[in-house]
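Visitor: Input: one structure, supplied below.
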Amino acid sequence: MHSEFTIRRDADDSFYLVSAGALQRLDHDYLQKHMPRDGTVQFEQLTDAVGVLVLAGPKSRRILQRVTDTDLSNQAFRWLTAQEITVAGAPCNAMRVNYVGELGWELHHPMAQQNQIFDALFEAGEEFGLQPFGIRAMDSMRLEKSYRMVGTELSIEYSAYESAMDRFIKPEKGDFLGRDAMLAWQEAGISNMLVTLIVADVVDADALGNNALFKDGEVIGRATGGGFGFRINESLALGMVRPDLAAPGTVLEIEILGENYAATVVADSPFDPKNERLRDVNGAND
2 MHSEFTIRRD
12 ADDSFYLVSA
22 GALQRLDHDY
32 LQKHMPRDGT
42 VQFEQLTDAV
52 GVLVLAGPKS
62 RRILQRVTDT
72 DLSNQAFRWL
82 TAQEITVAGA
92 PCNAMRVNYV
102 GELGWELHHP
112 MAQQNQIFDA
122 LFEAGEEFGL
132 QPFGIRAMDS
142 MRLEKSYRMV
152 GTELSIEYSA
162 YESAMDRFIK
172 PEKGDFLGRD
182 AMLAWQEAGI
192 SNMLVTLIVA
202 DVVDADALGN
212 NALFKDGEVI
222 GRATGGGFGF
232 RINESLALGM
242 VRPDLAAPGT
252 VLEIEILGEN
262 YAATVVADSP
272 FDPKNERLRD
282 VNGAND
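Going by my numbering, the sequence shown wraps up at 287, each residue one higher than the last.
In structure tokens form, the structure reads like this:
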């Protein structure tokens, strides 16, 4: 797994790609190296011109609706779709997707109008208790959803199958970069499988990543990331383990600051496993 993108298809021959800001040079270099040389594909770098704000949480629709005339209902604006809207007079590419597992939108906009949008959102959200959140909060919430992160759960060290990305892999669609190597890797037998773990009885520290995972005293894998999940009140870790130890209910041990703790494999997305908060169904955000 080389990188990770959100891709919006604007037209049959036009795509808007979003990747991690920290990997801009790597991603741009990789894309440009593999583009056709005959001019049939054009690449426009938008990083310096376009900003993004993430508005997420149970009240995000009510806040955003105050500063746009676009219908934001489930019927008019479905989860995992995008629309061009106006927010407080500024044009936005609004994408109903986020990395924290809540109802919400990414608002991609001209950088020059970021302060205008930010101020309007916080004015509209004052009565709802809107607050900024940082990278640690985001990391905590993505762990509760078993969301993979490029460079940890997604990397060139593991195949896409080992990172449990099966639902995104379509070998039958035809040839694509890396297809044959990936299938050969799978046929030879994968050595790891990504799992979500709940860590028991932690005292004052959680896993951060690269923690050793044990079974009966034998090292059988490592944590790729970890932290405390405040919505489910559990200490969490994502990790790579031997495939025979990846079934939910398997009890392992994890080392944190020189101490070993029981760590139980659980099904992906221990928070809101049916994505009811994201889809805003069954009163999940009431």
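Cβ coordinates follow ideal geometry from the N, Cα and C atoms, glycine included.
Just so it is clear, the structure is predicted and the values come from calculations on it, not from any experiment.
Buried or exposed: Gly218, going by 16 or more other Cβ atoms within 10 Å of its Cβ?
Guide: With fewer than 16 Cβ atoms within 10 Å of its Cβ, Gly218 is classed as exposed.
Visitor: For the beta strand (DSSP E) holding Tyr17, just list the boundary residues, first then last.
Guide: Segment Ser15 to Val19, the beta strand (DSSP E) holding Tyr17.
Visitor: Is it buried or exposed for Val266, if we count other Cβ within 10 angstroms and need 16 for buried?
Guide: With 16 or more Cβ atoms within 10 Å of its Cβ, Val266 is classed as buried.
Visitor: Let me know if Val204 comes out buried or exposed under the rule of 16 or more other beta-carbons within 10 Å of its beta-carbon.
Guide: Looking at its Cβ environment, which holds fewer than 16 other Cβ atoms inside 10 Å, Val204 is exposed.
Visitor: In terms of DSSP beta bridges, what is Trp106 paired with?
Guide: Answer is Leu56.
Visitor: At a cut-off of 6 Å, would you count Glu85 as near the ligand NAP, judging by its Cβ distance to the nearest heavy atom?
Guide: Among the components of this structure there are no ligands whatsoever, and the ligand NAP is therefore not found.
Visitor: Taking the straight line between their C-alpha atoms, what separation do you get for Val98 and Thr251?
Guide: Whole-angstrom Cα-Cα distance: 32 Å.
Visitor: Once you ignore the five residues that flank Arg137 on each side, which residues in its own chain have a CB closer than 7 Å to its CB?
Guide: Nothing listed; no residue qualifies.
Visitor: Three Cβ pairs or more, each shorter than 8 Å: is that satisfied between the segment 158-170 and the segment 194-202?
Guide: Enough Cβ pairs lie closer than 8 Å, so yes.
Visitor: For the segment 179-190 and the segment 264-281, state whether three or more C-beta atom pairs, one from each stretch, are separated by less than 8 Å.
Guide: No, the segment 179-190 is not in contact with the segment 264-281.
Visitor: Just the Cα atoms here: how many angstroms apart are Ala125 and Ala12?
Guide: Approximately 33 Å, taken between the alpha carbons.
Visitor: Note the first and the last residue of the continuous beta strand (DSSP E) segment covering Lys216.
Guide: Here the beta strand (DSSP E) through Lys216 covers Ala213 to Lys216.
Visitor: Give me the Cα-Cα distance between Pro271 and Lys34, rounded to the nearest whole angstrom.
Guide: When rounded, the distance between both Cα atoms is 39 Å.
Visitor: Should Leu54 and Arg62 be called a contact, given that it needs their Cβ atoms to be closer than 7 Å?
Guide: Not closer than 7 Å, so no.
Visitor: Buried or exposed for Asn234, please, with buried defined as at least 16 other CB atoms from any protein chain shown within 10 angstroms of its CB.
Guide: Answer is exposed; the Cβ neighbour count stays below 16.
Visitor: Of all the alpha helix (DSSP H) runs that stay within the bounds of the segment 180-226, which reach a length of 4 or more residues?
Guide: You should have 180-189.
Visitor: Is Arg38 buried or exposed, if buried means 16 or more other CB atoms sit within 10 Å of its CB?
Guide: Arg38 should be labelled exposed.
Visitor: Enumerate in chain order the residues of its own chain whose CB-to-CB distance from Thr153 is below 8 Å, with the five nearest sequence positions on each side excluded.
Guide: Taken in chain order, the residues that qualify are Gly210, Thr225, Gly226 and Leu239.
Visitor: Beta carbon of Gly58, beta carbon of Glu128: below 7 Å?
Guide: Cβ distance not < 7 Å, so Gly58 and Glu128 don't count as in contact.
Visitor: Write down every uninterrupted run of the alpha helix (DSSP H) in the segment 86-156 whose length is 4 residues or greater and which is fully enclosed by it, in chain order.
Guide: Complete alpha helix (DSSP H) runs here, min 4: 115-125 and 136-145.
Visitor: Is there a C-beta anywhere in chain B that falls below 7 Å from the one on Thr153?
Guide: Here there is only one protein chain, and chain B is not present.
Visitor: Count the other C-beta atoms from every protein chain shown that fall within 10 angstroms of the C-beta of Ala208, then say buried if there are 16 or more, exposed otherwise.
Guide: That one is buried.
Visitor: Please go through the same chain and pick out, in chain order, the residues whose beta-carbon is closer than 8 Å to the beta-carbon of Ser91, but skip the five residues on each side of it.
Guide: In the sequence under discussion, the amino acid at residue 91 is Ala, which differs from the Ser named in the question. So the list reads His110, Pro111, Gln114, Gln117 and Ile118, once near-sequence residues are dropped.
Visitor: So, for Ala206: in the same chain, excluding its five sequence neighbours on each side, which residues have a beta-carbon less than 6 Å away from its beta-carbon?
Guide: Excluding residues within five positions, the ones whose Cβ falls inside 6 Å are Ile257 and Leu258.
Visitor: For Thr87, does the count of other Cβ atoms within 10 angstroms reach 16, so buried, or fall short, so exposed?
Guide: Exposed is the call here.
Visitor: On the DSSP bridge list, what partners appear for Tyr162?
Guide: In DSSP, Tyr162 forms no bridge with anything.
Visitor: Between the Cα of Leu24 and those of Asn94, Met150 and Phe134, spot the shortest distance and give me the residue it belongs to.
Guide: Residue Met150 is the option with its Cα nearest to Leu24.
Visitor: Could you check the C-alpha separation between Met96 and Gly135 for me, to the nearest Å?
Guide: Rounded to the nearest angstrom, the two C-alpha atoms are 20 Å apart.
Visitor: With 16 as the cutoff for other CB atoms within 10 Å, does Ile221 come out buried or exposed?
Guide: Per the 10 Å Cβ criterion, buried.
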